[in-house]
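**Q** Here it is: the structure, laid out below.
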Amino acid sequence: MVTATVTLADLAITRPGATRVFLKHGLDFCCGGRRPLEEACAEKGLDPGALLAEIEREDAKGGDLTRWAGRPLAELADFIESHYHARHRADLPELIALAEKVEEVHADKPTCPRGLAALLRTVHAAVLDHLAKEEQILFPLIRAGHGSRAGGPIHVMEQEHEDHGKNLARIRELTADLSAPPEACASWGALYLRLGQFADELMEHIHLENNVLFPRALYE
Numbered sequence: 254m255v256t257a258t259v260t261l262a263d264l265a266i267t268r269p270g271a272t273r274v275f276l277k278h279g280l281d282f283c284c285g286g287r288r289p290l291e292e293a294c295a296e297k298g299l300d301p302g303a304l305l306a307e308i309e310r311e312d313a314k315g316g317d318l319t320r321w322a323g324r325p326l327a328e329l330a331d332f333i334e335s336h337y338h339a340r341h342r343a344d345l346p347e348l349i350a351l352a353e354k355v356e357e358v359h360a361d362k363p364t365c366p367r368g369l370a371a372l373l374r375t376v377h378a379a380v381l382d383h384l385a386k387e388e389q390i391l392f393p394l395i396r397a398g399h400g401s402r403a404g405g406p407i408h409v410m411e412q413e414h415e416d417h418g419k420n421l422a423r424i425r426e427l428t429a430d431l432s433a434p435p436e437a438c439a440s441w442g443a444l445y446l447r448l449g450q451f452a453d454e455l456m457e458h459i460h461l462e463n464n465v466l467f468p469r470a471l472y473e
């Protein structure tokens, strides 16, 4: 029986609807995934029982990340590269361009997300560097069956994941938690919508690595 003491990571790995519910409520199941559900809910003012019931309802809808828990590690690494790496590389330049446009056109408005484009350029550089390390160093080790020797690279990746999480938090601060104001134009609304999608995918990416790929690679 699932209880409130189970961790967010455990639920994300084993329950199909968990990640969707966590994203909806802003619960960090990637870098902060090892915390008990009860503790994470207390921080957000959420009822653990109600959240578990919501996960139950989402489970029935299908479509999830739990299918990767037992798949071959090389297959998981391939999926992360082809899905998340490709999406991040495509999305970030477009998000930067949108943010630059919004800041330029709406500079006179108090709600303008000033500094967002500069932050996204920092995120872009950090993410590209991170992806290159995975593709050139860590993933080849894992595909070759040498994951147990990859403790150093994995530690670096986990530290960088923490930095990515801090950048996502800063993006939410600058954008009023990605809530477009009433005076927002179509570009402004699209920017926040796409930023939300990017944030969700980055969290899923980090979750699959921190909670599935890395532990298995080190100990299998």
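Each residue of the sequence shown is one higher than the last, beginning at 254 in this note's numbering. Note that CB positions come from ideal geometry on N, CA and C, so glycine has one too. Since the model is a prediction, treat every value here as computed from it, not as a measurement.
#1: Per DSSP, P289 forms a beta bridge with which residues?
#2: Using C-beta distances below 7 Å, list every residue in its chain close to D312, excluding the 5 sequence neighbours before and after it, in chain order.
#3: Which runs of the alpha helix (DSSP H) fall wholly inside the stretch 346-432 and span at least 4 residues, in chain order?
#4: What's the C-alpha gap between I349 and A385?
#5: Using the C-alpha atoms, what's the distance from L345 back to T375?
#6: Looking at C-alpha atoms only, which residue of E309, P434, D263 is the closest neighbour of K362?
#7: Any contact of the stretch 289-307 with the stretch 418-431, i.e. 3+ C-beta pairs under 8 Å?
#8: Rank L466, L421, L455, R287 by C-alpha distance to the C-alpha of T260 and give the top, closest one.
#9: Verify whether the separation of the beta carbon atoms of N395 and A352 is less than 7 Å.
#10: Assess, as a yes-or-no matter, whether the stretch 389-408 is touched by the stretch 433-447 under the definition of 3 or more beta carbon pairs within less than 8 Å.
#11: What first and last residue would you give for the alpha helix (DSSP H) that runs through T272?
#12: Comparing alpha-carbon positions, which option in H458, N464, N463, P468 lies nearest R340?
#13: I'd like the list of long-range same chain contacts for G449, defined as Cβ closer than 6 Å, with 5 residues on each side in sequence excluded.
#14: Could you say which of R310, R447, A379 lies nearest to K419 if we only look at CA atoms?
#15: For the alpha helix (DSSP H) holding Y472, just list the boundary residues, first then last.
#16: Among the residues of its own chain, which have a CB less than 8 Å from the CB of N463, if the five just before and after it don't count?
#17: So what's G302 in DSSP terms, helix, strand or just coil?
**A** Taking the coordinates as given:
#1: DSSP lists T260 as partners of P289.
#2: Here the set comprises R268, P269, G270.
#3: Under the rule that a run must span 4 or more residues, the alpha helix (DSSP H) segments found entirely inside the stretch 346-432 read 369-386, 392-396, 404-427.
#4: The alpha-carbon atoms of I349 and A385 are separated by roughly 20 Å.
#5: If you take the alpha carbons of T375 and L345, they lie about 10 Å apart.
#6: Put simply, of E309, P434, D263 the residue whose alpha carbon is nearest the alpha carbon of K362 is P434.
#7: Counting Cβ pairs under 8 Å, fewer than three are found: no touch.
#8: It is R287 whose Cα lies nearest to the Cα of T260.
#9: In the sequence as displayed, the identity of residue 395 is Ile instead of Asn. For I395 and A352, no; Cβs fall outside 7 Å.
#10: With the cut-off at 8 Å, the stretch 433-447 and the stretch 389-408 do not touch.
#11: Taken as a continuous stretch (DSSP letters only), the alpha helix (DSSP H) holding T272 covers 271-278.
#12: Checked all of H458, N464, N463, P468; the closest Cα to R340 is H458.
#13: Closer than 6 Å at Cβ, skipping near neighbours: L431.
#14: Considering only R310, R447, A379, the residue with the shortest C-alpha distance to K419 is A379.
#15: It spans 467-472 - the alpha helix (DSSP H) in which Y472 sits, taken as one unbroken run.
#16: Sequence-distant partners of N463 (beyond 5 residues in either direction) whose C-beta falls short of 8 Å from its own C-beta, in its chain, are A262, C283, C284, G286, E411, H414.
#17: Looking at G302 - three-state DSSP - the assignment turns out to be helix.
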